[in-house]
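Enquirer: FYI, in the numbering used here the residues of the sequence shown are 127 to 310.
The structure follows.
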Amino acid sequence: MATECPAADGSSPRQTRFDGPMPMCIDPETSYTAEIVTNHGTMTAYLYPQRAPKTVNNFVSLARYHYYDGLVFHRIIREFMIQGGCPEGSGRGGPGYRFEDELPEPGKYEVGSLAMANAGPNTNGSQFFIVSGAHGVSLPPQYSLFGKLIDGFDVLDELQKVPTGGGDRPKDDVVIESVTITEG
127 MATECPAADG SSPRQTRFDG PMPMCIDPET SYTAEIVTNH GTMTAYLYPQ
177 RAPKTVNNFV SLARYHYYDG LVFHRIIREF MIQGGCPEGS GRGGPGYRFE
227 DELPEPGKYE VGSLAMANAG PNTNGSQFFI VSGAHGVSLP PQYSLFGKLI
277 DGFDVLDELQ KVPTGGGDRP KDDVVIESVT ITEG
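And the structure:
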């Protein structure tokens, strides 16, 4: 379970538990996109390695370890956000470590922004959310902002409208089938 950089070509075997934060595996001067395939369609995000190198490194590394494959968006609130990345699907799980915040300036969240979910300062792990409406845009700058959708806004809009039950959990699973990282 040693924490090592995954293969950049996505060939590393799936891993869902780590003994510490990811070493720096990305080049902050390189551009990265993430293709997030769900059972409702595909969204593509441009990541911000210069603004949030630790956070982008973490997301890219987990994606290259296929960590997110098969996990669900366990919390969806219309006009606010969709949240996923919990290995338990409960909102309480993570990769076995936490890392520091890289907070944006106030007013930087937009519809389509990717940010880390947390349980307070410096408690980032694997859970992230995508802002889907005005309530998310108006969040205080307490969540590490690490990317923004560049395609798939129609999918985001569809996802934020799925019927939910207790705890804002979708009544039918909204599955992250895969997250594929592209460099350059």
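Where a beta carbon is used, it is the ideal one built from N, C-alpha and C, also for glycine.
Spell out the partners DSSP gives residue 169 in its beta bridges.
Expert: Taking the sequence shown and counting its residues from 1, one reaches residue 169 at position 43. Note: residue 169 sits in a beta bridge opposite 162.
Enquirer: Tell me which residue opens and which closes the alpha helix (DSSP H) that residue 283 is part of.
Expert: For the purposes of this step, residue 283 is taken as the residue at position 157 of the sequence shown. From DSSP, the alpha helix (DSSP H) with residue 283 extends over 279-286.
Enquirer: Spatial neighbours of residue 299 within its chain, please: C-beta separation below 7 Å, excluding the five flanking residues on both sides.
Expert: Sequence index remark: in the sequence shown, residue 299 carries index 173 (1-based). Cβ neighbours of residue 299 beyond the five flanking positions: 198.
Enquirer: Going by CA-CA distance only, name the one from 273, 220, 304 and 285 that's closest to residue 296.
Expert: Translated into the one-based positions of the sequence shown, residue 296 becomes position 170. Comparing Cα-Cα distances from residue 296 to each of 273, 220, 304 and 285, the minimum goes to 285.
Enquirer: How is residue 265 classed by DSSP in three states: helix, strand or coil?
Expert: The residue given as residue 265 occupies position 139 in the sequence shown. Coil at residue 265, not helix or strand.
Enquirer: Is residue 292 helix, strand or coil by DSSP?
Expert: Numbered from 1 along the sequence shown, position 166 holds the residue referred to as residue 292. In this structure, residue 292 counts as helix in the three-state DSSP scheme.
Enquirer: With a threshold of 8 Å, are at least 3 pairs of Cβ atoms found where one atom belongs to the stretch 253-264 and the other to the stretch 192-208?
Expert: Taking 8 Å as the limit for Cβ pairs, the verdict is that the stretch 192-208 does touch the stretch 253-264.
Enquirer: Which value, in whole angstroms, describes the spacing of the CA atoms of residue 256 and residue 280?
Expert: Residue mapping note: residue 256 aligns to position 130 of the sequence shown, counting from 1. Residue mapping note: residue 280 aligns to position 154 of the sequence shown, counting from 1. Their backbone Cα atoms lie some 13 Å apart in a straight line.
Enquirer: Count the other CB atoms, across all protein chains shown, that sit within 10 Å of the CB of residue 274; report buried if there are 16 or more and exposed otherwise.
Expert: If you number the sequence shown from 1, residue 274 lands on position 148. Flag for residue 274 reads buried.
Enquirer: If you run the structure through DSSP and keep just helix, strand and coil, what is residue 306?
Expert: The count along the sequence shown starts at 1 and reaches residue 306 at position 180. Three-state DSSP puts residue 306 in a strand.
Enquirer: Keeping to the same chain, check which residues put their C-beta closer than 8 Å to that of residue 164; ignore five residues upstream and five downstream.
Expert: In the sequence shown, counting from the first residue as 1, residue 164 sits at position 38. Taken in chain order, the residues that qualify are 199, 281, 285, 300, 301, 302 and 303.
Enquirer: Please name the residue in 245, 168, 252 and 243 whose C-alpha comes closest to that of residue 278.
Expert: Stepping through the sequence shown from its first residue, residue 278 is reached at position 152. Comparing Cα-Cα distances from residue 278 to each of 245, 168, 252 and 243, the minimum goes to 168.
Enquirer: With a 10 Å radius around its C-beta and 16 neighbouring C-beta atoms as the bar for buried, classify residue 156 as buried or exposed.
Expert: Here residue 156 is taken as the residue at index 30 of the sequence shown, counted from 1. Looking at its Cβ environment, which holds fewer than 16 other Cβ atoms inside 10 Å, residue 156 is exposed.
Enquirer: Out of 162, 140, 175 and 248, which one is the CA nearest neighbour of residue 147?
Expert: In the sequence shown, counting from the first residue as 1, residue 147 sits at position 21. It is 248 whose Cα lies nearest to the Cα of residue 147.
Enquirer: If residue 171 sits next to residue 159, beta carbons under 8 Å apart, how far is it from one beta carbon to the other, in whole angstroms?
Expert: Counting from 1 along the sequence shown, the entry for residue 171 is found at position 45. Counting from 1 along the sequence shown, the entry for residue 159 is found at position 33. Confirmed, about 7 Å.
Enquirer: If we count the other Cβ atoms within 10 Å of its Cβ and call it buried at 16 or more, is residue 134 buried or exposed?
Expert: Position 8 of the sequence shown, counting from 1, holds the residue named residue 134. Residue 134 is exposed by the Cβ-count criterion.
Enquirer: Using C-beta distances below 6 Å, list every residue in its chain close to residue 179, excluding the 5 sequence neighbours before and after it, in chain order.
Expert: Numbered from 1 along the sequence shown, position 53 holds the residue referred to as residue 179. Around residue 179: 154.
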